[in-house]
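Here the protein sequences come in this chain order: X and G. Position 68 (the first sequence) corresponds to 68 in the working numbering; numbering is contiguous. Position 136 (the second sequence) corresponds to 136 in the working numbering; numbering is contiguous.
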Amino acid sequence: MAVLLRIAFRNIWQHKAKSFIIGILIALGVIIIVIGNAMMDAAEKGIRKSYIENFTGDLMIHGPSKDAVSIFGIESFSLDAETRVPSIPQYEKIIAHLAEDSRVASYTSMAVSYGILAADLEEAENIEEDSENTIFGILFGIDAKTYFSMFPSIKIIEGQAPERGSGGLLLSPQQLEKLRKKYKKDFAVGDTLLVTGYSSSGFKIRELTITGLFERNDRTGEAPFMYADIDVVRVLAGLTLGVDERIQLGSRETALLSTTSEEDLFGDADIVQQETVQKNSFSLEQVQKIFKDTSARDLANTADTGAWNFILIRLRDSSQAQAVMTDYSQWFASAGVQANITDWKGAAGSAGRFADILRTIFTIALIIVAVVAIIIMMNTLVISVIERTGEIGTMRALGAEKGFIRRLFLAETLTLSLFFGAIGSAFALLITIILNLLHIPAPNDFVYVLFGGDHLFLQPRLSSFISTLIMIFGIGYLAHLYPVSVALRIPPVAAMKDE
Amino acid sequence: MTIVELENVRKVYPLGKVEVEAVKGVSFKIEKGDFISIAGPSGSGKSTILNMIGLIDTPTAGEVYIEGKPVSGLKDRELTRLRHDMIGFIFQSFNLIPVLNVYENIEFPLLLGKQSMSKNEKKEWIDFLIKEVGLEQWRHHKSNELSGGQRQRVAIARALVCKPAIVLADEPTANLDSATGEQIIELMKKINRELQTTFIFSTHDQKIVEIADHVIRLRDGMVIENYRKNGEKELVSASQPSEASKVNKGKEEALGSPTTQGMGR
Chain X
1 MAVLLRIAFR NIWQHKAKSF IIGILIALGV IIIVIGNAMM DAAEKGIRKS YIENFTGDLM
61 IHGPSKDAVS IFGIESFSLD AETRVPSIPQ YEKIIAHLAE DSRVASYTSM AVSYGILAAD
121 LEEAENIEED SENTIFGILF GIDAKTYFSM FPSIKIIEGQ APERGSGGLL LSPQQLEKLR
181 KKYKKDFAVG DTLLVTGYSS SGFKIRELTI TGLFERNDRT GEAPFMYADI DVVRVLAGLT
241 LGVDERIQLG SRETALLSTT SEEDLFGDAD IVQQETVQKN SFSLEQVQKI FKDTSARDLA
301 NTADTGAWNF ILIRLRDSSQ AQAVMTDYSQ WFASAGVQAN ITDWKGAAGS AGRFADILRT
361 IFTIALIIVA VVAIIIMMNT LVISVIERTG EIGTMRALGA EKGFIRRLFL AETLTLSLFF
421 GAIGSAFALL ITIILNLLHI PAPNDFVYVL FGGDHLFLQP RLSSFISTLI MIFGIGYLAH
481 LYPVSVALRI PPVAAMKDE
Chain G
1 MTIVELENVR KVYPLGKVEV EAVKGVSFKI EKGDFISIAG PSGSGKSTIL NMIGLIDTPT
61 AGEVYIEGKP VSGLKDRELT RLRHDMIGFI FQSFNLIPVL NVYENIEFPL LLGKQSMSKN
121 EKKEWIDFLI KEVGLEQWRH HKSNELSGGQ RQRVAIARAL VCKPAIVLAD EPTANLDSAT
181 GEQIIELMKK INRELQTTFI FSTHDQKIVE IADHVIRLRD GMVIENYRKN GEKELVSASQ
241 PSEASKVNKG KEEALGSPTT QGMGR
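Below, the structure is given as structure tokens:
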């Protein structure tokens, strides 16, 4: 072994140019991976902090759904995806359980719906969803007291939060500005707006009064969130009293619905009755007679005051999130509660997976760089093997088995990897320190997310250094395989050609 | 005692689409302790025969015997082991490992096999060899700091370090001036006498051929002379009677197998 290492070290030194090329590659690779990982960590930390402190808390409980659910609604592009975010069953039982859990610092309940803001009824009835001027909003219906105490970074800078039953709406100054620009009207707290919402129970238009303005203490970008009276959100979201009532169909209706023949469906004279309608002869009584009983419709427009889409939970110790999640999943199963629990990332939906997407892109880039590095290293080593044909032949002639030649090249590659990997690590650390000392500010919201805060602050993990070195060893190992196979094909008689 | 025997050995090399027969059915025997020269002009097949004796090349046909055992059926690992234990190599271009110094180059073959010597024994033995080849002052120098003659001395010491039964030297003086070449051959001869190691060397230098006590002369891949010198030349065998008769000035006594049968080309 000693002779292997001795020859390996000295060969590296002897062939400085080649060693340097490979070494630079290795060191650069280490620097990119370590700093890249530190940046990914910072971004993930920033996104995590932003979401936990502003939107999701550490954990989120939601109702049963076959699709993924986030605070923004159903996270599915599937055509048969549910359109209504499910309400939490046995809400009171869950709340009672949470209240007794010492690990839970605070919790709040929320419902979500979507709406398009309009200034008048005509516009509200003729919404063009793809219009540039459309002001779209994700409406959070909240319990203002618990919500704002759980998310203290969200400040009400003017007016007040919408109380239940007030028909109130809390906007951000940016949203207010958009309204002002669109309608060329100086909207202010106290003004009314119309919100057109859509849920499984159809389109609904509600009038809301701007009760105040809020501001979030983070820069994750301008988001279309607004806070509305919980009952309005419930109605827009389809969380109404009549929504769960089942219509019982008779055998005739069921048979009709199961057919595809138009003749069967509409050919029966009994279905469409011929009535003679006289112009301008409608009285209120007649209209009421036509609509008959409106109680079902009334019920469908009455908010189910016990319905919530989510319970957001802040823990005393965020690091316990996984354990708490497991406990609650088990409790739901044992207590027969059809609810689900997810962490902040699940609660944030695709937006929370931004860091994962970044890391995936980074990993793909790394794989490409690694493949290129392997090819360059491999070529350099093959040249080295060809140049050392006589030397290898001599070793073989003197009695070196193939295993010795294999170990010799492995020792050289791994020594190079270790040495330059260590140099790369040192440089990565140095660059990190310098970058942190430079206190580079985030110039925009996107970079703010990448930096994980106002300034770039990188904290490379020890595990990142170790995993990078292991990866570099792996690259070195892969890169040496082909050159070694070339070396092993060199016969001992090649020694005779070493002239 | 016969240490090496070649029996009707042929070697054909492909050269593009044609085949070149470098060795054409050669047979001879080498006795233990011989100091033997395989002589002949360039392209006569000297190196090819040496390579086959050294187990670094294989015959196309025929058989090579080392200490009476055929080597044709041996696997790569067995050949490597046999080479390590039985054969020392001295190359025309010295073939020292450039990153190792004199001591380490000599030590290198010892590190490849099973360690039969203790650390101290090993050191004493290498020191002895360094002294034998006169390189005490150069033991820590690398090959690029040595002259050609010094490098070949290192190669000789390295060839002897595993105490092989056979040392093969392929044109050991070709890259040396004549005075140094003679010194090297004298050194090999001295070691041959002292250690009873069989030396087989190829050369085309007639002056060096004269020092050998057994000469096998080749031409065009065939043995044209095979004689031992005991004051007078003693014919061992010859490939062609006409050639053999020219050199047979002494008592003719065929000692080897009837090689003419295998060299009928």
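Glycine included, C-beta positions come from ideal geometry on N, C-alpha and C. From a predicted model like this one, the values you see are computed outputs, not experimental measurements.
- Contact annotation, A339 of chain X with I88 of chain X: C-beta distance approximately 6 Å; criterion of less than 8 Å satisfied.
- Rounded to whole angstroms, R153 of chain G and L100 of chain G show a C-alpha spacing of 15 Å.
- Residue contact check for N51 of chain G against chain X: a CB pair falls below 8 Å.
- With a threshold of 16 other beta carbon atoms within 10 Å, E53 of chain X meets it and is buried.
- Within chain G, the residues placing a beta-carbon under 8 Å from that of E391 of chain X are N95, I97, P98, ordered along the chain.
- When DSSP states are grouped into helix, strand and coil, M117 of chain G belongs to the coil group.
- Counting only Cβ-Cβ distances below 7 Å, F201 of chain G has no contacts in chain X at all, with the closest Cβ about 14 Å away.
- Each residue's CA atom was taken as its position, placing G212 of chain X and D67 of chain X some 34 Å apart.
- Within the segment 49-112 of chain X, the complete beta strand (DSSP E) segments of 3 residues or longer fall at 59-62, 68-70, 73-75, listed in chain order.
- Residues of the segment 56-89 of chain G with a C-beta atom less than 8 Å from some C-beta of chain X are I56, D57, D76, R77, T80, R81, R83, H84, D85, F89, listed in chain order.
- Minimum Cα-Cα distance from D191 of chain X among the listed residues X:T209, X:S106, X:G197 corresponds to X:T209.
- Using a C-beta cut-off of 8 Å, the segment 394-411 of chain X makes contact with the segment 80-100 of chain G, since at least three inter-stretch Cβ pairs fall below that distance.
- Look at F91 of chain G: its C-beta is under 8 Å from a C-beta on chain X.
- Each of X:F20, X:R10, X:V30, X:L25 was checked against the Cα of I470 of chain X, and the nearest Cα belongs to X:V30.
- Judged by DSSP secondary structure, I376 of chain X falls within the alpha helix (DSSP H) whose first and last residues are 354-387.
- Under DSSP, D343 of chain X takes part in a beta bridge, and its partners are X:L59.
- Nearest to D220 of chain G by C-alpha distance, out of G:K163, G:M1, G:V23, G:N226, is G:V23.
- Remark: fewer than three beta-carbon pairs, one from each stretch, lie closer than 8 Å, so the segment 46-53 of chain G and the segment 126-134 of chain G are not flagged as touching.
- For the pair S116 of chain G and K163 of chain G, the Cα-to-Cα distance works out to about 11 Å.
- Straight through space, the alpha carbons of L366 of chain X and F451 of chain X are spaced by roughly 20 Å.
- Neighbours of S47 of chain G in chain X, taken as residues whose beta carbon is under 8 Å from its own, are M496 in chain order.
- Per DSSP, reduced to three states, the secondary structure at N444 of chain X is coil, with no helix or strand assignment.
- In the DSSP annotation of this structure, H214 of chain G is not part of any alpha helix (DSSP H); the continuous beta strand (DSSP E) holding it starts and ends at 214-219.
- DSSP, reduced to helix, strand and coil, places G141 of chain X within a strand of the structure shown.
- A Cβ of chain X is located within less than 8 Å of the beta carbon of P109 of chain G.
- With its beta carbon less than 8 Å from one in chain X, G113 of chain G belongs to the interface.
- Residue pairing of A228 of chain X in beta bridges, as defined by DSSP: X:G141, X:L169.
- For D170 of chain G, the chain X residues whose C-beta falls within less than 7 Å of its own C-beta are M496, listed in chain order.
- In this structure, the straight-line span from the alpha carbon of A422 of chain X to that of G476 of chain X is close to 14 Å.
- For N11 of chain X, the residues of chain G that pass the 8 Å Cβ criterion are V99, in the order they occur in the chain.
- Comparing alpha-carbon positions, the option among X:A27, X:I375, X:Y183, X:L410 lying closest to N11 of chain X turns out to be X:L410.
- Ranking X:F225, X:S283, X:A487, X:F187 by CA distance to the CA of E391 of chain X puts X:A487 first.
- Taking C-beta atoms as the reference points, G424 of chain X and A43 of chain X fail to come closer than 8 Å.
- Taking CB atoms only, L416 of chain X has no neighbour in chain G less than 8 Å away.
- Taking a Cβ-Cβ cut-off of 8 Å, the neighbours of F404 of chain X in chain G comprise L112, given in sequence order.
- At least 8 Å separates the beta-carbon of V324 of chain X from that of L98 of chain X.
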